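Peer 1: So the number in the numbering used here is just where the residue sits in the sequence shown, counting from 1, plus 957. Backbone N, C-alpha and C fix where the C-beta goes; we use that ideal spot for every residue, glycine too. All figures in this text were calculated on a predicted structure; none of them were measured in a lab. What follows is a single structure, and I will ask about it in a moment.
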Amino acid sequence: MARIKGGMNAKKKHNRVLKMAKGYRGARSKQYRVAKQSVMRALTSSYAGRKERKRQFRTLWIARINAAARLNGLSYSKLMHGLKLAGVEMNRKMLADLAVSDSAAFAKLCDLAKSKVA
């Protein structure tokens, strides 16, 4: 039986990696070995970055809720505790959006939380 050489598949693999490394500087976008290392590192970093973005947004939402709560005479922790006691099932993303866009509705939630905490 004839031997099949792997040149075609290797070329395909190399081209796939080099295509992902487009835009990298110098040898990182030209040479397969260097490009492969750079692409692997970039993919690892992008995975970690997607996880980190979620943490950053949660931090932003908490900061916005805290600022709006303090305008209504509450701290963040007291607001969240009061809302939990009142049975309000609203996530931080929605609360932050309310705090920015509809301050009257957020003030009502603060009053509700105050009545439950006190």
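1) Rounded C-beta distance between I1022 and L1042? I'm assuming under 8 Å.
2) Just to confirm the assignment, what range does the alpha helix (DSSP H) spanning D1059 have?
3) Please work out which residues of its chain come closer than 7 Å, Cβ to Cβ, to A978, disregarding the five sequence neighbours upstream and downstream, and give them in chain order.
4) How long is the line joining the alpha carbons of L1040 and Y989, rounded to whole angstroms?
5) Can you tell me which of the three DSSP states Q1013 falls into?
6) Report the residue from A999, M965, L1055, K1050 whose alpha carbon sits nearest the alpha carbon of Y981.
7) In terms of alpha-carbon separation, which member of Y1004, A1075, N966, F1063 lies closest to A1025?
8) With burial defined as no fewer than 16 other Cβ atoms inside 10 Å of the residue's Cβ, what is the status of L1017: buried or exposed?
9) Quick one: using the 10 Å Cβ neighbour count with 16 as the cut-off for buried, is A1053 buried or exposed?
10) Closer than 7 Å by C-beta to N1029: which residues in its own chain qualify, once you throw out the five before and the five after it? Chain order, please.
Peer 2: If we stick to the structure as given:
1) With 8 Å as the limit, I1022 and L1042 do not qualify as a contact, their Cβ atoms being about 17 Å apart.
2) Neither: D1059 is in no alpha helix (DSSP H) and is coded neither H nor E.
3) R985, S986, A992, S995, V996
4) 56 Å
5) Helix at Q1013.
6) Nearest option by C-alpha distance: A999.
7) Nearest C-alpha to A1025: F1063.
8) exposed
9) buried
10) A1064, C1067.
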